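**Q** Residue numbers for the sequence shown follow my numbering, so the first one is 421 and each next one is one higher. All C-beta atoms in this analysis are idealised placements derived from N, C-alpha and C, irrespective of residue type, glycine included. What you are looking at is a predicted structure, and each value in this text was computed from that prediction instead of being measured. Got a structure here, written out as structure tokens. Questions coming.
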Amino acid sequence: MSRQYRVVDHILECLGDIGVGHIFGVDGANIEDLYDAAYRHPGITAVVAKHEFSAATMADGYSRSGAGLGVVAATSGGGR
């Protein structure tokens, strides 16, 4: 049986097309499909942090170092 092409697959394909190699973020109920798709995408590595600020700092450092575009993915939830 073939896998279905999902919206998250399309998102990662588009990110890969513009040269994104890493996605930094936190895991959560509404974003698990993105990390699942990233695991299967050959050119993108998902880095999971424990906190949104940590993920943003990782993406910022990644970008400032010249390694590539810093991308942060976060799930929905309480925030202020």
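From which residue to which residue does the beta strand (DSSP E) around ALA465 run?
**A** On the sequence shown, position 45 is the one that residue 465 refers to. A quick correction: the sequence has Thr, not Ala, at residue 465. Unbroken beta strand (DSSP E) run through THR465: 465 to 468.
**Q** Can you list, in chain order, the residues of its chain whose CB lies under 8 angstroms from that of VAL385, leaving out five sequence neighbours each side?
**A** Residue 385 lies beyond the stretch modelled for the chain, which goes from 421 to 500, so this question has no answer here.
**Q** Thinking VAL440 and VAL491 are a contact (beta carbons under 8 angstroms), I'd like their distance in whole angstroms, please.
**A** The residue given as residue 440 occupies position 20 in the sequence shown. The residue given as residue 491 occupies position 71 in the sequence shown. Contact flag correct, Cβ pair sits at about 5 angstroms.
**Q** Quick check: what's the CA-CA separation for LEU449 versus ASP480?
**A** Here residue 449 corresponds to residue number 29 of the sequence shown, with the count starting at 1. Here residue 480 corresponds to residue number 60 of the sequence shown, with the count starting at 1. The question names Leu, but residue 449 in the sequence shown is Ala. If you draw a straight line from the Cα of ALA449 to the Cα of ASP480, it is about 25 angstroms long.
**Q** If you run the structure through DSSP and keep just helix, strand and coil, what is HIS442?
**A** The count along the sequence shown starts at 1 and reaches residue 442 at position 22. Reduced to three states, the DSSP call for HIS442 is strand.
**Q** In or out: HIS430 buried (at least 16 other Cβ within 10 Å) or exposed?
**A** Within the sequence shown, residue 430 is the residue found at index 10, counting from 1. Label assigned to HIS430: exposed.
**Q** Let me check one thing: in DSSP terms, what residues is ALA493 bridge-paired to?
**A** Position 73 of the sequence shown, counted from the start, is the residue given in the question as residue 493. GLY445, per the DSSP bridge assignment.
**Q** Using DSSP with H/G/I as helix, E/B as strand and the rest coil, what is TYR425?
**A** Locating residue 425 in the sequence shown gives position 5, counting from the first residue. DSSP places TYR425 in coil when its eight states are reduced to three.
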